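When we follow the working numbering, the leftmost residue of the sequence shown carries the number 9, and every step to the right adds one.
Encoded as structure tokens, the structure appears first; notes follow it.
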Amino acid sequence: MRDAVMLYQGANPGNKELLQVRQEFMLTAMRTYLQAVKDRRPAVLESKKPMPRAKILEFFDVCNTRMDLPDTHKELLTYLAVQKKVPNELIISMQRELLEDMGFEQEHGCAVLSRIGQDFPNDAEMAQKLQMWKSKAEQSCMRAVRAHQEAGGELPEMQTMVIDKELSAAMEKVIPKAKEQIGAMSEEEKNAFLGEKAMKKMEVFQQLPPDGRLAWIKRLSDEDKLEFVKIQVLFVEHLKKRMQAGQQVPQSGYAAAPCTMDAAQGPSRAPAQEQMM
Numbered sequence: 009m010r011d012a013v014m015l016y017q018g019a020n021p022g023n024k025e026l027l028q029v030r031q032e033f034m035l036t037a038m039r040t041y042l043q044a045v046k047d048r049r050p051a052v053l054e055s056k057k058p059m060p061r062a063k064i065l066e067f068f069d070v071c072n073t074r075m076d077l078p079d080t081h082k083e084l085l086t087y088l089a090v091q092k093k094v095p096n097e098l099i100i101s102m103q104r105e106l107l108e109d110m111g112f113e114q115e116h117g118c119a120v121l122s123r124i125g126q127d128f129p130n131d132a133e134m135a136q137k138l139q140m141w142k143s144k145a146e147q148s149c150m151r152a153v154r155a156h157q158e159a160g161g162e163l164p165e166m167q168t169m170v171i172d173k174e175l176s177a178a179m180e181k182v183i184p185k186a187k188e189q190i191g192a193m194s195e196e197e198k199n200a201f202l203g204e205k206a207m208k209k210m211e212v213f214q215q216l217p218p219d220g221r222l223a224w225i226k227r228l229s230d231e232d233k234l235e236f237v238k239i240q241v242l243f244v245e246h247l248k249k250r251m252q253a254g255q256q257v258p259q260s261g262y263a264a265a266p267c268t269m270d271a272a273q274g275p276s277r278a279p280a281q282e283q284m285m
């Protein structure tokens with residue numbers, strides 16, 4: 009049937025009605041697929057066993073399908089309008105829900121995904137699908153932000169990171185000095201400061217549980233705290249510029265989505281693709 013549709017379309021490339029029917033057919037198939045995944049959701053979710061390779065690959069496909077639906081785009085736009093925030097947290101929530109539709113408890117599934125690099129070190133297909141999954145979520149997030157801006161909406165605020173009051177207090181003393189030093193930096197100096205070493209620190213921090221983050225921060229010297237705050241402020245500044253330019257955000261373990269789940273290797277707790285994991 010698909011071949012027949014494609015053959016007919018090839019003979020009638022300008023047939024708008026056929027193109028519309030084809031689009032509706034594809035969307036119906038996508039929604040049916042996602043509903044079938046949800047219908048197969050087991051009553052008891054797996055919380056101990058590893059996720060089979062085939063299941064991980066299917067999870068990526070399920071997430072990508074969800075991101076491609078117009079319904080999802082509308083949800084992201086509504087979130088932007090109501091919450092006034094980049095919708096990476098919403099995307100992460102969707103991904104975590106899909107993990108459970110696949111039969112895996114969220115936290116366990118995220119932990120499994122975070123080990124993809126170690127569990128499948130030489131798996132080219134896995135690496136490719138992982139990258140596609142991360143990019144799809146990030147592109148969906150950025151597309152929603154652009155559409156929101158084009159409709160007259162303001163660029164949403166981006167938090168440096170999601171932290172509790174105690175963690176914020178631990179960093180408070182160095183924030184003014186960090187901003188003062190950043191204000192004296194040239195663009196070249198800012199870009200150089202956000203090097204591979206700085207991004208690695210962000211990835212390590214994002215993969216820690218909340219209590220682990222606080223303990224990690226408290227162990228830092230005042231000088232290291234200052235450097236860490238500068239990394240955060242500069243990274244958010246960099247993301248804002250790219251969002252305003254309509255560019256895809258960089259893939260680091262710390263971002264606004266992808267936008268979304270990035271430290272990944274999988275889903276995360278904070279608004280970043282890495283964070284889904």
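The C-beta atom is built at its ideal place from N, Cα and C for all residues, glycine as well.
From a predicted model like this one, the values you see are computed outputs, not experimental measurements.
Suppose you measure from the CA of residue i to the CA of residue j; what does that come to, to the nearest Å?
i	j	result
E83	K249	24 Å
K3	M102	Past the boundaries of the shown model lies residue 3; the chain is included only from 9 to 285, so the question cannot be answered.
D47	V70	13 Å
V244	L98	19 Å
A152	L85	6 Å
E180	E146	31 Å
L65	Q139	12 Å
W224	V182	16 Å
D131	F67	16 Å
H116	Q91	28 Å
V212	E25	52 Å
K142	E133	14 Å
G191	A135	39 Å
M38	C149	20 Å
M207	L163	24 Å
E195	I100	32 Å
Quick one: measure Cβ to Cβ for residue i and residue j, integer angstroms, because I've assumed they're closer than 8 Å.
i	j	result
R74	L42	6 Å
Y87	P78	Contact flag wrong, Cβ pair sits at about 15 Å.
K238	A186	5 Å
L247	K198	Their Cβ separation, rounded to whole angstroms, is 13 Å, which puts L247 and K198 out of contact at 8 Å.
Which residues does DSSP pair with residue i in a beta bridge?
i	result
E54	F112
Mapping the DSSP letters down to three states, classify residue i as helix, strand or coil.
i	result
K233	helix
K93	strand
L98	helix
S194	coil
N23	coil
E162	coil
V45	helix
N130	coil
L202	coil
L88	helix
So is the beta-carbon of residue i under 7 Å away from any non-hydrogen atom of the ligand HEM?
i	result
M38	Ligands displayed in this structure: none; no statement on the ligand HEM is therefore possible.
For this session: Indicate whether the contact test is met: 3 or more Cβ pairs, each with one atom in the segment 41-58 and one in the segment 115-129, closer than 8 Å.
Result: yes
Problem set entry | Three CB pairs or more closer than 8 Å across the segment 153-163 and the segment 109-119 | no
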